[in-house]
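Enquirer:
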Amino acid sequence: MTANQSQSALSPHSSRIGIEEVPKLSQFVKRSLQALFSDAESAEAAEFLKQLTLETWNKEKMYERLASADTPETLASGVRRLRREVLLTLAAKDMTGAADFEEVVSAMTALAEAVVDRTVSVHAKELAKRFGVPHSPLGVPQDLLVVGMGKLGGAELNVSSDIDLIFFYDEDGECRATEQFPSARKIISNKEFYERLAKKIIPAISELTWEGFAFRVDMRLRPNGDSGPIVGSSEMLEEYLMMQGREWERFAWLKGRIVNGPVFASQEEFDIQKKNLWDIVRPFVYRKYLDFGAISSLTDLHAKIRLAAQKREASALTEGRNIKLGRGGIREIEFIAQTFQVIRGGRNPFLRERSTLKALSALASEGVLAPEKAKRLSEIYVFLRNVEHALQYENDQQTQLLPEDEAQQAKIARMLGLKRGELLSCLSESSEYVAARFDEIFQTKAEAVSEDWPLGWESGSVQVLPAVADLLRRKGFADCEGLAGAVLNLMSLRPLRLIKAGARDRMILLVKKTLDKLGALELKEDALISKDLLLERYLHFLEVIAGRPTYVSLLLQYPSAAERLIHVLGAGKWAAEYLNRHPLLLDELWDERLSQIDDYTPVDFSGYIERTRARLADIEEDDQETRMNLIREVHHARLFRLFLADLAGRLTVERLADQLSALADATLELAMEESWKTVPGRHLERPNFAVIAYGKLGGKELAYASDLDLVFIYEDDAPEAEKIYVRFARRLINWLTVTTSSGTLFDVDLRLRPNGESGMLVSSLESFKKYERNDDGTGAWLWEHQALTRARFSAGDPAIGAEFEKLREEILRRDRDPSVTAEEVLKMRERMHEGHVNKTDLFDLKHDAGGMVDVEFIVQYLVLRYAAEYPQLVNNFGNIKLLEMSAEAGLIPKEDALETVKIYRRYRKVQHEFRLNSPSLPVRRPAQEYEQDVERVKSLWQTVFGDRAASEISGTTEG
């Protein structure tokens, strides 16, 4: 079978078999029809089945069918008859192609919910007639909370599945008579009431009568399993999960869902009781940190399950393939989804899906799984579940074993609209794909590591320093004594002594693997970093994460992430320090969206804003630190993701700056929204306030560590407006600059506001207009208008932003005296030279004559001088585009402009690379490398400024 044929076989078939074939393929259908008709294959029986295929079962219809069954006896009969009718309908529709997978599992889930809910209601009311209604000590009626686990909780129930249930109630207390149930004959505790109720519910649903059964009930997932109490309070559950909850129970509870409604309590009271339960379960399942340790737990669990499945298959009377528990089966797909959910779901609520298909979709949209992998796994999951249903339609048995008998295989294939060979081929290809993806994630194949380490190094013993140094020497390192000391210092850290033995063993293994990897690394001759420095940075990072075993687990479990970490640490000092400050970013090293970011990625952060808002909604409003941390973490993560794309060579410097600038805009928007909520006396839902960006952010040329040049403007007639917005601005600055446990966001510079450091922190729109227009001579200087060439609305009220842009255009399009304009621009350039004196023989790419600032001043002068005549120059398109536009307008020679564009791009690229290694130093390079570039820029400078240029910059081009 070709790949395309295999893919087609996985897809749902609109037509499978004729209705007359259904009883021939399913013993269950045949028996059911024989109970109704003398001949299961008669025309009458076929017509009955045909009519069933026109039926659609939903929860409302099922509730309606059971509504009149108000005694245990009538209900027992009603749920069994309903189950048979629903299953007959689904079998007929599914085999003939009239129902898809979603309809089948939705109907079975709805049936289980209706049966459970109605059974709880009828039997609870029967007990209440004798004992009254359970109440809390405060007099709130208490209801049984039936938690559906497994596929019932995930709303993806099989056609012949048992249902995993756990029974809880919210509070202890006693039963009491009520107006509806006034004849309580004996007072019993809530616990006793619900124990009696549970013992009635289970047989009412699962007991086999002459009419069959409704569902097999499995209670083994309750606390302490078969030996645990049949029902428990929320308090008991909290204590159990805290003290005894095991790792596998986190995965089980991931799908937990309350599947019944209120009987005695009001809907509001019942919702509170449900919330109390989930407030206990949620932090147990989803940890606040990224929980990579969950992988090892699930790996162990899966190994046990796979071994048990193999034993069952080996001992089965009829051998067959277990499509659920076998290698590459349904369970492995579920494990893939659940593992990623448990790892990341604590920090990302979008991943908290109970349905496997919805979880896979969420994992793709959140970048945890590549979309093509998630799509393929989803298709295979549906296919395997359809095979599972076909196996169960055959005789209404809970089986996942595909028999070896060829005739039986052909029958199952026929139910699916396939030939036997197609079915087996699809199963083989599907299981191989799933198993491969599973092994990628769980790293089931162990890597060998060198074992020639001296005894005692694991504890950091200084006595073995010579032996460790000798080992490092054999691996090709130079400063072996110094690095050996760093290794031993790492192993002697207090956090490593405090963590569990298993976690410490993983760190030991990681150090061994790291040294093996780096020792075998062959660096290029022109590499900017030595193996020694790379190992030094790696060891320093391991010191940072020494007390965080989950990160060590990640690096061990995902060799690709460990490889990327080496690449990042080797990229430069900035990246290494950034990762040390924010080790949470280690998670980004295995984000499968990394390869999707390139020059063609849209510069659109609207989704980023909405998703962050949704995550903020999951945090209490008054928990300011957690909210600040979240905004920092999502900002750091997105910035680091851009850095990784940059490191891979998928982003030009200009496109990277566009993305970083848009990220800053989005983060400013979020910080504004959050800080406004904390302002006392605020009188509006949203502030009439705008953030104006100048400098690098204004010109969309932001770098990784750039500060933000900002100006704040408001428009509000409220009497206390100025006081409120000053207070708001201070809070906003604090939100942006304060260091929390998750670091900081930006450094902020407000010196470009009207009147500089002596001016008001915020300006009203009218006062800002007055200042910029300077009609009375007390407002903006020309250099401030020059700064406007690189200013734009960044965040806040769009209406105020639009007013600013209109004002900016008005100011920049003024008719100006060419001589005065040139003179003022040159004076400003001279002041910048004086502030950045270069006393070395090196060329300062940014500040020396012929460097970046000269190019930027040329552009700014051209805008100020010619925008009145050429309004297109007002557009804030950046220096490169404005140079090209100036040439097109005939303001400067085209050849000079294009050459200067190339030089400016080269300058920016060199600056960008330099600052990755030396973020705080001026970018200075050997002058001879840039002689031609400098002369080109100076030539354009001379063309633009004429004879004035030489006099104004004389004496500033020398070291």
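According to this note's numbering, the sequence shown is numbered sequentially starting from 76. Idealized CB from N, CA, C, for every residue including glycine. Everything numeric in this text was worked out from a predicted model, so none of it was measured.
What residues in its chain sit with their C-beta under 8 Å from that of Ile455, if we drop five residues either side in the sequence?
Expert: Excluding sequence neighbours, Ile455 sits near Leu85, Ile408, Ser505, Tyr508, Val509.
Enquirer: Determine the closest residue to Tyr675 out of Arg656, Leu731, Arg362, with distance taken between C-alpha atoms.
Expert: With distances taken between Cα atoms, Tyr675 lies closest to Leu731.
Enquirer: Using the C-alpha atoms, what's the distance from Ala720 back to His210?
Expert: His210 and Ala720: Cα-Cα distance of roughly 59 Å.
Enquirer: Distance check for Ala465 and Gly404, CA to CA, integer angstroms please.
Expert: Rounded to whole angstroms, Gly404 to Ala465 spans 16 Å at the Cα level.
Enquirer: Is it buried or exposed for Arg906, if we count other Cβ within 10 angstroms and need 16 for buried?
Expert: Label assigned to Arg906: exposed.
Enquirer: Tell me the residue span of the beta strand (DSSP E) that contains Trp765.
Expert: At residue 765 the sequence reads Ala, which differs from the Trp that was named. Taken as a continuous stretch (DSSP letters only), the beta strand (DSSP E) holding Ala765 covers 764–769.
Enquirer: Using C-beta distances below 7 Å, list every residue in its chain close to Gly1021, excluding the 5 sequence neighbours before and after it, in chain order.
Expert: There are no such residues.
Enquirer: Can you check DSSP and say which residues form a bridge with Ser838?
Expert: Ser838 is bridged to Ile788.
Enquirer: Pull up the distance between the alpha-carbon of Met960 and that of Leu948, whole angstroms please.
Expert: Roughly 7 Å separates the two Cα atoms.
Enquirer: Between Ser236 and Gln473, which are expected to be in contact by the criterion C-beta below 8 Å, what is the C-beta distance as a whole number of angstroms?
Expert: Contact flag correct, Cβ pair sits at about 6 Å.
Enquirer: Have a look at Leu558 and Ser534 and give me their C-alpha separation to the nearest angstrom.
Expert: If I take the Cα positions, the gap works out to 16 Å.
Enquirer: Kindly indicate if chain D contains any beta-carbon less than 8 Å away from that of Arg271.
Expert: As a matter of chain content, chain D is missing from the structure shown, which is built from one protein chain.
Enquirer: I believe Met137 touches Leu213 by the beta-carbon criterion, under 8 Å. Please report the beta-carbon distance rounded to the nearest angstrom.
Expert: Incorrect: roughly 35 Å between the Cβ atoms, too far for contact.
Enquirer: If the criterion is Cβ atoms closer than 8 Å, does the pair Ala979 and Asn951 meet it?
Expert: The displayed chain sequence assigns Tyr, not Ala, to residue 979. No, the Cβ-Cβ distance between Tyr979 and Asn951 is not below 8 Å.
Enquirer: Please list, in chain order, all residues of the same chain as Ala173 whose beta carbon is under 7 Å from its beta carbon, the five residues on each side excluded.
Expert: Taken in chain order, the residues that qualify are Thr128.
Enquirer: Could you tell me which of Gln348, Val356, Trp353 sits nearest to Glu246, measuring between CA atoms?
Expert: Checking every option, the nearest Cα to that of Glu246 belongs to Gln348.
Enquirer: Output the distance between the C-alpha atoms of Asn849 and Ala855, rounded to the nearest integer angstrom.
Expert: One C-alpha to the other measures close to 6 Å.
Enquirer: Specify whether the stretch 544–553 and the stretch 588–597 touch according to this definition: at least 3 beta carbon pairs, one from each stretch, less than 8 Å apart.
Expert: Enough Cβ pairs lie closer than 8 Å, so yes.
Enquirer: Using only the alpha-carbon positions, how far apart do Lys363 and Gly420 sit?
Expert: C-alpha separation (whole angstroms): 8 Å.
Enquirer: Just to confirm, is the Cβ distance from Gly287 to Asn265 under 8 Å?
Expert: Contact: no.
Enquirer: Along the alpha helix (DSSP H) that carries His711, what are the first and last residues, could you check?
Expert: Unbroken alpha helix (DSSP H) run through His711: 699–722.
Enquirer: Please confirm if the stretch 767–787 is in contact with the stretch 816–826, defined as three or more CB-CB distances below 8 Å between the two stretches.
Expert: Verdict: yes, contact present.
Enquirer: Quick check on Pro893: buried or exposed, where buried means 16 or more other Cβ atoms within 10 Å of its Cβ?
Expert: It counts as exposed.
Enquirer: Buried or exposed: where does Gly682 fall if 16 or more other Cβ atoms within 10 Å of its Cβ makes it buried?
Expert: The residue in question, Gly682, is exposed, as its Cβ has fewer than 16 Cβ neighbours within 10 Å.
Enquirer: Could you compute how far the alpha carbon of Arg644 sits from the alpha carbon of Glu700?
Expert: Looking at the sequence provided, one finds Leu at residue 644 rather than Arg. Leu644 and Glu700: Cα-Cα distance of roughly 30 Å.
Enquirer: Could you tell me the distance, in whole angstroms, from the CA atom of Glu729 to the CA atom of Phe718?
Expert: C-alpha separation (whole angstroms): 13 Å.
Enquirer: If you drop the 5 nearest sequence neighbours on each side, which residues of the same chain put their C-beta closer than 7 Å to that of Glu188?
Expert: Closer than 7 Å at Cβ, skipping near neighbours: Lys134, Val334.
Enquirer: Which partner residues does Thr815 have in the DSSP bridge list?
Expert: In the DSSP output, where bridge partners are listed per residue, Thr815 has Gly818.
Enquirer: In chain order, which continuous runs of the alpha helix (DSSP H) of length 4 or greater are located wholly inside the stretch 237–305?
Expert: Runs found: 265–281.
Enquirer: So, are the CB atoms of Gly223 and Arg332 less than 8 Å apart?
Expert: Yes. Within cutoff.
Enquirer: On the criterion of 16 or more Cβ atoms from any shown chain inside 10 Å, does Glu1093 qualify as buried, or is it exposed?
Expert: Any question about residue 1093 goes unanswered here, given that the chain covers just 76 to 1034.
Enquirer: What three-state label does DSSP hand His1037 in the structure shown?
Expert: Here the chain covers residues 76 to 1034 and nothing more, so residue 1037 does not appear.
Enquirer: Count the other CB atoms, across all protein chains shown, that sit within 10 Å of the CB of Asp169; report buried if there are 16 or more and exposed otherwise.
Expert: Its Cβ being crowded by 16 or more others within 10 Å, Asp169 is buried.
Enquirer: Whether or not the stretch 783–797 and the stretch 755–774 are in contact is what I'm after, with contact meaning three or more pairs of Cβ atoms, one per stretch, closer than 8 Å; do they touch?
Expert: A contact exists between the stretch 755–774 and the stretch 783–797.
Enquirer: Output the distance between the C-alpha atoms of Thr1018 and Val678, rounded to the nearest integer angstrom.
Expert: Their backbone Cα atoms lie some 36 Å apart in a straight line.
Enquirer: Secondary structure at Ser961, three-state DSSP: helix, strand or coil?
Expert: Helix, per DSSP.
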